[in-house]
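For the sequence shown, full-length UniProt numbering gives the first residue as 1, with consecutive numbering after it. All residues carry an ideal CB built from backbone N, CA and C; glycine is no exception. A short worksheet on the structure shown next.
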Amino acid sequence: MGRTWRRRRSRKKNSSISTALNHDSMIVNLTRWMTRHNWNNETKLKLSHFKNTGRGVTCDRSLMIEDTLIEVPYALMITLDSLEGVGEVVVTPNGEKLTIHDLLSLFLVIERHKGESSNWKYYLDSLPDCLPHLPWLATSSEIDLFPNTLRETILNRRENFELSWKRSKESINPRWKCECCQTVGHRVITLNSFIWAYVMVNTRAVYVDPNVVRELSSSKWGNILSDEPSMALCPFLDMFNHSNNARTSATLVKSDGKWVYKLITLSPSKRHEEIFISYGTHDNIKLLCEYGFFIPHQGLDCISWTLSDTLEATKMKLNERQYKFLKTRKLDDSLYIDCNGLSFNLKAALFVILNPFISDWCSCVFGNFPSGCSSQEMQELCRKLLAWKANKLLGELQRMENYGSQRSETFRNLLNYQNYLLVLVDKMCDKYNV
Ligand SMILES: C[S@@+](CC[C@H](N)C(=O)[O-])C[C@H]1O[C@@H](n2cnc3c(N)ncnc32)[C@H](O)[C@@H]1O
């Protein structure tokens with residue numbers, strides 16, 4: 001498995017190839033419902049299916065900086081104020097409060113259960129049934145095969161979900177029954193329905209100013225809510241896919257006396273091309289763990305090492321004074337190479353490793369690295385670091401590839417990510433001529 005092969009596998013396809021979804025009945029129903037509730041699609045946004053990114057938003061005209069992208073009436077958003085129905089379902093006898101994420105998830109489960117009789121039916125119908133490929137949704141035996149560096153983040157994410165599920169399950173009022181079908185709460189709010197709802201909130205909710213929400217909210221949630229009501233679901237607006245290059249500004253504002261959630265473009269886009277927003281400046285690990293996808297070569301990735309990796313890879317040793325110097329100045333952390341080159345800490349650590357007898361590392365490291373800091377020696381250590389990383393990634397990849405045929409889509413997505421990391425290390429080897 002050589003570099004050329006890996007490059008071929010990672011080659012980008014044309015992202016602008018799309019299929020319009022104008023006649024999809026679900027989209028037609030969603031936009032009609034929103035229009036009935038005073039949504040004015042002034043920008044004439046449309047949904048399409050894009051080859052690379054899946055369902056997303058486009059427009060028949062080019063958009064300029066400071067154009068309004070979308071304005072969704074507050075009344076169409078699911079905020080703290082919409083959760084009144086959940087109040088009947090939830091009791092917190094042991095005093096444990098719920099987060100806004102828990103409450104929005106419970107809301108989605110209950111409304112989805114109501115089906116045709118839900119006021120939010122057309123919005124719920126627009127949500128995907130299939131979950132994104134979030135690594136924490138993989139099976140335990142798959143997670144055991146994930147690289148150590150990812151596993152910790154993934155297990156942490158999974159634990160957050162499990163705590164949310166525990167809090168929510170324990171809060172279900174044992175006397176509550178669905179008014180349409182008399183099903184008891186524990187049969188409506190099942191683990192699977194909650195996973196779906198929790199993931200929808202996690203991947204689609206937007207930030208809203210909690211002060212405005214509290215001001216507009218007629219519900220009394222003070223005794224139940226454990227955090228700020230700063231998450232909300234926003235129909236249609238949650239159809240925008242992410243790009244790190246997109247710039248938008250989003251605010252809850254009053255327009256003609258009515259509150260709306262308004263998105264303004266700060267980066268232009270061409271007609272018929274997919275319009276992106278930015279979910280934040282996220283590297284691929286964050287995108288993968290929070291949203292279930294990654295974007296190859298977006299420029300925010302880095303290849304990192306711990307201090308003990310660095311010593312193992314370079315076959316170097318530290319004396320006590322070197323070790324203490326790096327530790328006390330926190331130069332043993334954030335050792336990485338990214339598209340801008342070596343991190344400050346990696347440069348400093350390598351310098352200290354290469355120069356055990358210098359009496360004052362401080363003035364070298366925090367001043368200008370002196371000419372005594374041989375770039376050739378540094379380069380040689382970088383070469384060893386990258387070679388060690390490539391080997392390690394390859395080992396992890398092979399371990400994953402040996403996993404049986406029953407691989408989940410999520411697992412396959414992670415395999416692709418691992419392949420991509422190898423391509424990235426190859427590129428860095430080329431860049432640093434190692
Ligand atoms: C807010 S939704 C965006 C709309 C979504 N594509 C849909 O069909 O409903 C976020 C989800 O869209 C997908 N997504 C967003 N940006 C993406 C991108 N640049 N590439 C691939 N998938 C993306 C991920 O599954 C993510 O969890």
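Should residue i go down as buried or exposed, given a rule of 16 or more other Cβ atoms within 10 Å for buried?
i: R32; result: exposed
i: Y207; result: exposed
i: H282; result: buried
i: M428; result: buried
i: G115; result: exposed
i: R187; result: exposed
i: K46; result: buried
i: L98; result: buried
i: G367; result: exposed
i: L318; result: buried
i: L421; result: buried
i: S375; result: exposed
i: K315; result: exposed
i: T58; result: buried
i: G372; result: Here the model assigns G372 a pLDDT of 48, short of 50, so the residue's position is not dependable and the matter cannot be decided.
i: N340; result: exposed
i: I224; result: buried
i: P135; result: buried
i: R412; result: exposed
i: N241; result: buried
i: L393; result: buried
Below 8 Å on the Cβ atoms is my contact criterion, and I expect residue i with residue j to pass it. Report the Cβ-Cβ distance as a whole number of Å.
i: W305; j: L385; result: 6 Å
i: E396; j: P147; result: 5 Å
i: L331; j: A349; result: 6 Å
i: F294; j: Y417; result: 5 Å
i: S219; j: L104; result: Between L104 and S219 the Cβ distance is about 13 Å, and since that is not below 8 Å, they are no contact.
i: T68; j: T43; result: 7 Å
i: L145; j: Y403; result: 6 Å
i: G222; j: V89; result: 18 Å between Cβ atoms; not a contact.
What residues in its chain sit with their C-beta under 6 Å from that of residue i, if we drop five residues either side in the sequence?
i: V199; result: L131
i: P210; result: E228, P229, S230
i: S62; result: K270, R271
i: D238; result: R204
i: V201; result: H101, L104, S105
i: W388; result: A313
First and last residue of the alpha helix (DSSP H) that includes residue i?
i: A390; result: 375–401
i: L106; result: 100–114
i: F366; result: Element bounds for F366: n/a, residue is neither H nor E.
i: W196; result: 191–204
i: W165; result: 148–170
i: D144; result: 140–145
i: A75; result: Unbroken run through A75: none, as it is neither H nor E.
i: C429; result: 409–431
i: I27; result: 25–36
i: T328; result: 320–328
In whole angstroms, what is the alpha-carbon distance linking residue i and residue j?
i: P128; j: S117; result: 19 Å
i: K270; j: R247; result: 14 Å
i: L106; j: A197; result: 7 Å
i: V253; j: N94; result: 38 Å
i: F194; j: S343; result: 41 Å
i: D125; j: L335; result: 46 Å
i: P235; j: V72; result: 8 Å
i: S249; j: I358; result: 50 Å
i: M34; j: F276; result: 21 Å
i: K262; j: I70; result: 6 Å
i: L216; j: V28; result: 30 Å
i: D360; j: D430; result: 34 Å
i: M378; j: S363; result: 19 Å
i: L83; j: G257; result: 23 Å
i: M64; j: N38; result: 25 Å
i: F351; j: F325; result: 12 Å
i: N40; j: V425; result: 48 Å
i: V213; j: I110; result: 22 Å
Leaving aside the five residues before and after residue i along the sequence, list all residues of the same chain whose C-beta is less than 8 Å from its C-beta, in chain order.
i: R8; result: Note that R8 has pLDDT 44, beneath the 50 cutoff, so the model's placement of it is unreliable and no number is given.
i: R407; result: E142, L415
Using C-beta distances below 7 Å, list every residue in its chain close to residue i, excluding the 5 sequence neighbours before and after it, in chain order.
i: H49; result: S18, T19, L21, R55
i: R167; result: E96, L98, D102
i: residue 436; result: Residue 436 is absent from the structure shown; the chain starts at 1 and stops at 434.
i: A138; result: S408, T410, F411
i: S26; result: As written in the sequence, residue 26 is Met, which differs from the Ser given in the question. Once the five neighbours on either side are set aside, the close Cβ partners of M26 are D125, S126.
Going by DSSP, what residue range makes up the beta strand (DSSP E) through residue i?
i: F50; result: 45–50
i: I224; result: Run containing I224: none; DSSP gives neither H nor E here.
i: E271; result: Note that residue 271 is Arg in the sequence shown here, rather than Glu. From DSSP, R271 is part of no beta strand (DSSP E); its letter is neither H nor E.
i: G56; result: 54–59
i: L252; result: 248–255
i: S126; result: Counting along the chain, S126 falls outside any beta strand (DSSP E), though it belongs to the alpha helix (DSSP H) covering 121–126.
i: T19; result: 18–20
Using beta carbons (cut-off 8 Å, strictly below), is residue i in contact with chain B?
i: S105; result: You won't find chain B in this structure, because it holds only one protein chain.
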